[in-house]
Structure formats: C-alpha cells, structure tokens
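Trainee:
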Amino acid sequence: MNKITGYILLSFILLIGCKKYENNKFTTKYIKEEAVEYSLSPQLLPIDILNPTGIVAIDTFLVFVQRHENKIIKVYSVNDYKILGNFLRKGNGPNEIVLFTRFNQFFQQNNESLLWIQSYPNFMGLLNINKSIKNNNTFFEKKVDFTKSNDMKNIFEESNAVFELSDSVFLLTKDPIRSQTFKENTNPFYVKLNYCSNIVYDTIYINNLKGINFENNLIYSAYPVIKPNRDKIALFYTYMDAIIIIDLNTKNKTKIGLSNMGLNTKYAIEQKKQIHYEAFATDSLLFGLRKDKNNNSVLYTYDWNGVFKYKLYLNANVLYFSINEKNKTLYGIDEDDHILAYDLKDI
Numbered sequence: 023m024n025k026i027t028g029y030i031l032l033s034f035i036l037l038i039g040c041k042k043y044e045n046n047k048f049t050t051k052y053i054k055e056e057a058v059e060y061s062l063s064p065q066l067l068p069i070d071i072l073n074p075t076g077i078v079a080i081d082t083f084l085v086f087v088q089r090h091e092n093k094i095i096k097v098y099s100v101n102d103y104k105i106l107g108n109f110l111r112k113g114n115g116p117n118e119i120v121l122f123t124r125f126n127q128f129f130q131q132n133n134e135s136l137l138w139i140q141s142y143p144n145f146m147g148l149l150n151i152n153k154s155i156k157n158n159n160t161f162f163e164k165k166v167d168f169t170k171s172n173d174m175k176n177i178f179e180e181s182n183a184v185f186e187l188s189d190s191v192f193l194l195t196k197d198p199i200r201s202q203t204f205k206e207n208t209n210p211f212y213v214k215l216n217y218c219s220n221i222v223y224d225t226i227y228i229n230n231l232k233g234i235n236f237e238n239n240l241i242y243s244a245y246p247v248i249k250p251n252r253d254k255i256a257l258f259y260t261y262m263d264a265i266i267i268i269d270l271n272t273k274n275k276t277k278i279g280l281s282n283m284g285l286n287t288k289y290a291i292e293q294k295k296q297i298h299y300e301a302f303a304t305d306s307l308l309f310g311l312r313k314d315k316n317n318n319s320v321l322y323t324y325d326w327n328g329v330f331k332y333k334l335y336l337n338a339n340v341l342y343f344s345i346n347e348k349n350k351t352l353y354g355i356d357e358d359d360h361i362l363a364y365d366l367k368d369i
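Anchor point for the sequence shown: position 162 equals 184 in my numbering, and the numbering is continuous, going up by one each time.
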C-alpha cells in the first residue's frame, strides 16, 4: 500500500454503518485581550423564583427552567415581570419530559417564540412559547421521536447537545469514549442526521487532541453555542483557555488560544481550573462567561472570526444568562436566585 492510499483509508470513519471522509485540519491562532472594558450595574428584577437553572430571553418573554418542579418551565413578561405561564410537565406522557438537559437553541418564526427542548432520552420537541401560554398547556410545533429504532435511540442517548440546522437535519455531538463508536480517535465530533430518513450523512471532528486517556477526558468538556443563522458553531472549553469556531458549510475549524497556555492540554490537565462557566451567541458576537478573582462574573466577548472585542464586568456571581437583542438587555441568574438585568444599549 503506498502512502497516498494509506492516508485516504485512514481518513475514513466508520459510523452507524456509513463511511465518510473527514478533513481534520485545524487553523490555530492566539489572540490578546484588548483594553476595552465595561463595568455594568445590575438591576434587581421583581421576579421570585426558586432554584432556576436556565434562562432564555426572547421577544417579550423571560423563560426559566426549574428542574425540581413538576412543571419545569415558567414564563414571565419582560415588560411588567408578571408570570404568564407554567408548563412542560415531567413524566412519560406524550407531551411530558423525562430529563431536561440545557437550553441550546431558540428563535422567532412567524412572530412566535420557539425553543428546542431535548427530552433525554426520548425526543426533541420544538416548544411554541406563545401557544403554550395561550392554551395554558405545553404545545410542541413538532416532535422528533428517537425511540422508534435502536440506531436512532443510541445516536440520541450518546449526544449531550443537539442543534437543528434545517427542517430535517440535526447536528448532534458524539463522544467516542462514551459511545465506543470509534476507538482509534477519542476526540468528540458532530454528526449531521437527517431525522426524516434516519440517515447520518456527515461527520465533523471538533478537536484533534492526542494521547487523552479516559481519566482526563474532561479536557473535552465545552459549552457549545450555534450562530442563530446556523452556519457556524463555537465551543468554549471548560478547562482550557481556548475556544474553537467551526464553519458548518466548509468545515474550516479555528482553534483559538486565549492566553499563551490556552491550547496546552498538559497544563490544563495539571491545573484542573475551570475557565468558562457558560456561553452565548448572537449572529455577530460570542460571549464566554468567566470569573474574576472575587468570583464575580465577566463576559469575554469576541466576533465569529475570533477577534477579541471587549469585557463586560457584571459585578455579581451570575450562573446563567441570556441576551435579548430586541431590547438590548442581558438577563442573568445569580448564586442567590436573584434575577438581574443589565442595560447594553451604550455598548
């Protein structure tokens, strides 16, 4: 076998009975922090909610998740902060959720607010906030059932993040260490799944780390965000001072070190220090949530080319956040379950 033939064969991936060629090349760069900083004063909102573990700010709604409640979704108005609805019951019923993961994707369509819900391990549901409030009951615009075949069930169970790319295509994370689908390369990757035909037709590796054993596989941990127009994703690494930006059309991948040691995996494994705590994306900007020396939250902001823009000092220990581009406001949940608002109009 000559070198060219061997190289091509090694670049094929056997996944769900389907072989795909994968260009696993990465562009690497390091960026420096700029001096542009903003210190923001939080406004305490009159919303009393116990142990919220997620927030989405969309249109005129503030959507919270309470995993401990029987109905896990509560919606408030951004205008008067009054509660508008409480729905999405836990259970095994047709419109009930078994295990909620994370708010990954939401958008507006036809003047309605839609939110993808990942009900692990059974289905993906597109929750219509407007109709759920109007009917005082959970209303899914559509649902994708992953229990109809073992292959589909396995694909879904091995994914910790799912994004919709089009009306029939999901982008799902895959973890080879957990799923044991491809032992020669232990790096996590994404697959594109046509959920109408149940066919996996593309694979995109999201890192090219080498020599990572099972004990240190937390180095792969990251907060993924998708560009609202769905042509790029970014991953903010939990324990590495780095992000990766991937063009989903061209598969061009850029690894960005946010400090001199940002891409040094050995250093990250030794330090075991959490760098990023949450992430958020708009069509123009990326936001990575970090902590300062006083344990207050700071948002490091970049564009989709990985250019550092500015820092936002939140002057509170914010655990979860979401940005409403319509009213230019950042909403957050702090460590004491306070709901905070930050005015972004002058930034």
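Glycine included, every Cβ here is placed at the ideal spot set by N, Cα and C.
#1: Spatial neighbours of Y142 within its chain, please: C-beta separation below 8 Å, excluding the five flanking residues on both sides.
#2: What's the gap between the Cα of L148 and the Cα of N229?
#3: Under the three-state reduction of DSSP, which class applies to F14: helix, strand or coil?
#4: For I155, collect the residues of the same chain with a Cβ closer than 7 Å to its Cβ; drop the 5 residues on either side in sequence, then sort them by chain order.
#5: Could you tell me the distance, in whole angstroms, from the CA atom of S171 to the CA atom of G115?
#6: If we call anything under 9 Å between Cβ atoms a contact, is K275 one with D269?
#7: DSSP three-state call for I361: helix, strand or coil?
#8: For Y52, I'd like the list of residues in its chain whose CB is within less than 6 Å of its CB, leaving aside the five on either flank, ordered along the chain.
#9: Only counting the same chain, and skipping five residues up and downstream in sequence, which positions put a Cβ closer than 7 Å to that of S181?
#10: Out of curiosity, what's the CA-to-CA distance linking N271 and F258?
#11: Would DSSP call M262 helix, strand or coil?
#12: Excluding the 5 residues preceding and the 5 following F192 in the sequence, name in chain order all residues of the same chain whose CB lies nearer than 8 Å to its CB.
#13: Which one of N220, L67, F86 and F128 has the shortest CA to CA distance from V247?
#14: Using 8 Å for Cβ pairs, my map puts L84 next to L362. What's the rounded Cβ distance?
#15: N172 by DSSP, collapsed to three states: which one?
#16: Compute the Euclidean distance between the alpha carbons of K294 and T260, then round it to the nearest angstrom.
#17: Which residue from Y212, F168 and K164 puts its Cα closest to that of D189?
#18: Which residue comes first and which comes last in the alpha helix (DSSP H) that contains K153?
#19: Going by Cα to Cα distance, which pick from I369, Y342 and S99 is closest to Q88?
#20: Between the C-alpha atoms of T169 and D356, what's the straight-line distance to the nearest angstrom?
#21: Just to confirm the assignment, what range does the beta strand (DSSP E) spanning T195 have?
#22: Pull up the CB-CB distance for N337 and N317, whole angstroms please, since I reckon it's below 8 Å.
#23: With a threshold of 16 other CB atoms inside 10 Å of the CB of L72, please say whether the residue is buried or exposed.
#24: Shortest alpha-carbon distance to P68 belongs to which of D368, L62 and D359?
#25: Can you tell me whether DSSP reads K217 as helix, strand or coil?
#26: When we look at the beta-carbon of E300 and count the other beta-carbons within 10 Å, is it buried (16 or more) or exposed?
#27: Report the rounded CA-to-CA distance for D314 versus Y332, giving the unit in angstroms.
#28: In the DSSP output, which residue or residues are listed as bridge partners for N108?
#29: According to the neighbour-count rule (16 or more other Cβ atoms, all chains shown, within 10 Å of its Cβ), is A16 buried or exposed?
#30: Go ahead and pull the three-state DSSP assignment for Y353.
#31: Going by Cα to Cα distance, which pick from I139, N144, N176 and K175 is closest to V161?
#32: What's the call for N144, buried or exposed, on a 16-neighbour Cβ count within 10 Å?
#33: In the DSSP output, what is K51 paired with across the bridge?
#34: For the candidate residues Y212, G233, L231 and K232, whose alpha-carbon lies nearest to that of Y223?
#35: Have a look at S99, I95 and K232 and flag the residue whose alpha-carbon is nearest the alpha-carbon of L110.
#36: Pick from Y335, L334 and F309: whose alpha carbon is nearest that of W326?
Mentor: Taking the structure as given:
#1: The residue given as residue 142 occupies position 120 in the sequence shown. Taken in chain order, the residues that qualify are V120, L121, F122, T123, F178 and E179.
#2: In the sequence shown, counting from the first residue as 1, residue 148 sits at position 126. In the sequence shown, counting from the first residue as 1, residue 229 sits at position 207. L148 and N229: Cα-Cα distance of roughly 29 Å.
#3: Missing from the structure shown is residue 14; the chain here goes from 23 to 369 and no further.
#4: Counting from one through the sequence shown, the residue named residue 155 turns up at place 133. So the list reads V97, L106 and G107, once near-sequence residues are dropped.
#5: Position 149 of the sequence shown, counted from the start, is the residue given in the question as residue 171. Position 93 of the sequence shown, counted from the start, is the residue given in the question as residue 115. One C-alpha to the other measures close to 19 Å.
#6: For the purposes of this step, residue 275 is taken as the residue at position 253 of the sequence shown. For the purposes of this step, residue 269 is taken as the residue at position 247 of the sequence shown. In this structure, D269 lies closer than 9 Å to K275 by Cβ.
#7: Translated into the one-based positions of the sequence shown, residue 361 becomes position 339. Here I361 sits in strand by DSSP.
#8: Translated into positions along the sequence shown, residue 52 becomes position 30. Same-chain partners within the cutoff: G279.
#9: For this step, residue 181 is matched to residue 159 along the sequence shown. Only L194, T195 and K196 meet the Cβ criterion.
#10: Stepping through the sequence shown from its first residue, residue 271 is reached at position 249. Stepping through the sequence shown from its first residue, residue 258 is reached at position 236. Distance between the alpha carbons of N271 and F258: 20 Å.
#11: On the sequence shown, residue 262 is found 240 positions in, with the first residue counted as 1. If DSSP states are grouped into helix, strand and coil, M262 belongs with coil.
#12: As a first step, residue 192 is located in the sequence shown; it is residue number 170 there, counting from the start. Result list for F192: M146, V166, V184, F185, E186, K214, L215 and Y217, in chain order.
#13: Taking the first residue of the sequence shown as 1, we reach residue 247 at position 225. Ranking the options by Cα distance to V247, first place goes to F128.
#14: Here residue 84 refers to the residue found at position 62 of the sequence shown. Here residue 362 refers to the residue found at position 340 of the sequence shown. Actually they do not touch by this definition, with Cβ atoms about 11 Å apart.
#15: Taking the first residue of the sequence shown as position 1, residue 172 is located at position 150. Of the three classes helix, strand and coil, the one that applies to N172 here is helix, per DSSP.
#16: Start at 1 with the first residue of the sequence shown, and residue 294 comes out as number 272. Start at 1 with the first residue of the sequence shown, and residue 260 comes out as number 238. Each residue's Cα considered, the two are about 10 Å apart.
#17: Along the sequence shown, one-based indexing puts residue 189 at 167. The shortest C-alpha separation from D189 is found at K164.
#18: Counting from one through the sequence shown, the residue named residue 153 turns up at place 131. Note, K153: alpha helix (DSSP H), I151 to N157.
#19: Stepping through the sequence shown from its first residue, residue 88 is reached at position 66. Ranking I369, Y342 and S99 by Cα distance to Q88 puts Y342 first.
#20: Sequence index remark: in the sequence shown, residue 169 carries index 147 (1-based). Sequence index remark: in the sequence shown, residue 356 carries index 334 (1-based). T169 and D356: Cα-Cα distance of roughly 37 Å.
#21: What you label residue 195 is simply residue 173 of the sequence shown in a count that begins at 1. Start and end: V191 to K196.
#22: Start at 1 with the first residue of the sequence shown, and residue 337 comes out as number 315. Start at 1 with the first residue of the sequence shown, and residue 317 comes out as number 295. Actually they do not touch by this definition, with Cβ atoms about 11 Å apart.
#23: Along the sequence shown, one-based indexing puts residue 72 at 50. Exposed is the call here.
#24: If you number the sequence shown from 1, residue 68 lands on position 46. When each option's Cα is compared against that of P68, the closest is D359.
#25: Along the sequence shown, read from residue 1 onward, the residue named residue 217 stands at position 195. Note on residue identity: the sequence assigns Tyr, not Lys, to residue 217. Residue state, collapsed to three classes: coil.
#26: Working through the sequence shown from its first residue, we reach residue 300 at position 278. The residue is buried, with at least 16 neighbouring Cβ atoms inside 10 Å.
#27: In the sequence shown, counting from the first residue as 1, residue 314 sits at position 292. In the sequence shown, counting from the first residue as 1, residue 332 sits at position 310. Using only the alpha carbons, I get a separation of about 15 Å.
#28: Working through the sequence shown from its first residue, we reach residue 108 at position 86. N108 pairs with K96.
#29: In the structure as shown, the chain starts at 23 and stops at 369, and residue 16 therefore has no counterpart that could be examined.
#30: Here residue 353 refers to the residue found at position 331 when the sequence shown is read from its first residue. DSSP places Y353 in strand when its eight states are reduced to three.
#31: Along the sequence shown, read from residue 1 onward, the residue named residue 161 stands at position 139. Checking the sequence, you will find Phe at residue 161 rather than Val. Measuring from the Cα of F161, the nearest candidate turns out to be I139.
#32: Here residue 144 refers to the residue found at position 122 when the sequence shown is read from its first residue. Buried is the call here.
#33: Within the sequence shown, numbered from 1, the residue matching residue 51 stands at position 29. The partner list for K51 (beta bridge, DSSP) reads I278.
#34: Counting from 1 along the sequence shown, the entry for residue 223 is found at position 201. Cα-wise, what sits closest to Y223 is Y212.
#35: Translated into positions along the sequence shown, residue 110 becomes position 88. Considering only alpha carbons, the answer is I95.
#36: Walking along the sequence shown from the start, residue 326 turns up at place 304. Among Y335, L334 and F309, the Cα nearest to that of W326 is on F309.
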